[in-house]
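Peer 1:
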Amino acid sequence: MRSRSRRRWPWLILCLALLLAGQVWLSIRINSISAAIQVSNDVLFVPSPALVKTACLGFDNLLSDIFWLRTIRYVFNQQKGPKHFRMLKDMLDVVTCLDPYSCDVYVRGGCWLYEDAEDANDGVGFLERGLQFVPKQVLNRWEIAFHLGKCLREEVHDEKNATRYFQMALQMPHAPRALMLAVAAGYQRLEKFEEAKKLWKEARDTTGDPKIRNAANKRVQQIEITQKTIGLLQQKVDAFTKAHGRSPHSLSEVVASGLLDKVPAAPLSGEYTLDAASGRVHYLYIPQDLMSYR
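Positions -10 to 283 (my numbering) are the ones given, in order, by the sequence shown.
Okay, here's the thing in structure tokens:
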């Protein structure tokens, strides 16, 4: 027994030495790869995701965490504006190449791209990639769709697709019911008045917050007024068409004819417009930050 035990010791010592050597080598390897990204304000180079993926030798998640921490430090060392975040997208690409399934990376990274770096296109693309790769069973996956809608609504002014993503987020597991407010607002702006009214009424009747209840009730009233006003304006347009044998070119022409005193104001910074080709009156929503350009 003793001789057999003595024979085991050299092998144990050798294995321990190899493990220690491997640990030292791995530490040096990780530091050399992760040091390729500097976190100062003067970042000059970020290695390509493919290069990092090849060099990490299977330690994808570990390297992903290291690069993610460096990306966070980089973001918080910058000032707001596109010229200060030139390397952000490249850094996020490295992180998601190593770990393409992290929901939090897509949520935070997407927000940094469209809010801090002020690059809505990159923000939308990054968030869409998140929806593609993050598994459906991830609890907060709805946040990716929500921020896609937020970016498209506030930065791109694409209300149709913004509402589509808000609706997608609302239908995902664990999404808060309060998202119906964003969907309802989108429907209202897109003239889907009955769908909007249904959601505003649901919010009004189910919330325990008096502020939300009052706001939702106000929106229901706005929609009903808008629908009624569109109907009255359409009657005036039809009367003009009957009297002149053609559709008016605008609502201003209906006013000039004496059939209408003035074009009434529309809610939510919108306006009532006339599609001259079809002769139909519409409600047009105008984002607040575009009002100054009109």
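The beta carbon of each residue, even a glycine, is placed where N, CA and C say it ideally should be.
In this text the structure is predicted, and so the values were computed from the model without any measurement.
(1) Where does residue 128 sit, in a helix, a strand or coil, going by DSSP?
(2) In or out: residue 233 buried (at least 16 other Cβ within 10 Å) or exposed?
(3) What did DSSP end up calling residue 63 once you bin it into helix, strand or coil?
(4) Please state whether DSSP places residue 257 in a helix, a strand or coil.
(5) My output table needs one value for residue 35: the three-state DSSP class, helix, strand or coil.
(6) Are residue 255 and residue 272 closer than 7 Å when you measure CB to CB?
(7) Alpha carbon to alpha carbon, what distance is there between residue 82 and residue 28?
(8) Look up residue 271 in the DSSP assignment and give the residues it is bridged to.
(9) Which two residues bound the contiguous alpha helix (DSSP H) that contains residue 197?
(10) Report buried or exposed for residue 125, applying the criterion of at least 16 other Cβ atoms within 10 angstroms of its Cβ.
(11) Would you say residue 87 and residue 52 are within 7 Å of each other, going by their C-beta atoms?
(12) If I measure Cβ to Cβ from residue 154 and keep anything under 6 Å in the same chain, skipping five residues before and after, which residues do I get?
(13) If we call anything under 7 Å between Cβ atoms a contact, is residue 101 one with residue 84?
(14) Taking the straight line between their C-alpha atoms, what separation do you get for residue 203 and residue 246?
(15) Could you pull the start and end residues of the alpha helix (DSSP H) that residue 122 belongs to?
(16) With distance defined between alpha-carbon atoms, name the residue in 76, 111, 78, 91 nearest to residue 49.
Peer 2: Put simply:
(1) Counted from its first residue, the sequence shown places residue 128 at position 139. In the structure shown, residue 128 sits in coil (DSSP, three-state: anything other than H, G, I, E or B).
(2) On the sequence shown, position 244 is the one that residue 233 refers to. Exposed, since its Cβ has fewer than 16 Cβ neighbours within 10 Å.
(3) As a position in the sequence shown, residue 63 is number 74, starting the count at 1. It is helical.
(4) For this step, residue 257 is matched to residue 268 along the sequence shown. Three-state DSSP puts residue 257 in coil, outside helix and strand.
(5) In the sequence shown, counting from the first residue as 1, residue 35 sits at position 46. Reduced to three states, the DSSP call for residue 35 is coil.
(6) As a working note, residue 255 is residue 266 in the sequence shown. As a working note, residue 272 is residue 283 in the sequence shown. Yes, the pair counts as a contact, with Cβ atoms nearer than the cut-off.
(7) In the sequence shown, counting from the first residue as 1, residue 28 sits at position 39. In the sequence shown, counting from the first residue as 1, residue 82 sits at position 93. Low confidence applies here, because residue 28 scores a pLDDT of 47, under 50, leaving its location unreliable; read the following figure in that light. The straight-line gap from Cα to Cα measures roughly 16 Å.
(8) In the sequence shown, counting from the first residue as 1, residue 271 sits at position 282. Bridge partners of residue 271: 262.
(9) On the sequence shown, position 208 is the one that residue 197 refers to. Element bounds for residue 197: n/a, residue is neither H nor E.
(10) For the purposes of this step, residue 125 is taken as residue 136 along the sequence shown, with counting starting at 1. Exposed, because fewer than 16 other Cβ atoms sit within 10 Å of the Cβ of residue 125.
(11) Counted from its first residue, the sequence shown places residue 87 at position 98. Counted from its first residue, the sequence shown places residue 52 at position 63. Yes, the Cβ-Cβ distance between residue 87 and residue 52 is below 7 Å.
(12) Numbered from its first residue, the sequence shown carries residue 154 at position 165. Closer than 6 Å at Cβ, skipping near neighbours: 134, 137, 138.
(13) Position 112 of the sequence shown, counted from the start, is the residue given in the question as residue 101. Position 95 of the sequence shown, counted from the start, is the residue given in the question as residue 84. Against a cut-off of 7 Å, the Cβ pair of residue 84 and residue 101 comes out as no contact.
(14) Residue mapping note: residue 203 aligns to position 214 of the sequence shown, counting from 1. Residue mapping note: residue 246 aligns to position 257 of the sequence shown, counting from 1. Straight-line Cα distance between these residues: approximately 40 Å.
(15) As a position in the sequence shown, residue 122 is number 133, starting the count at 1. Residues 109 to 122.
(16) Residue mapping note: residue 49 aligns to position 60 of the sequence shown, counting from 1. Taking only the C-alpha atoms, the option nearest residue 49 is 91.
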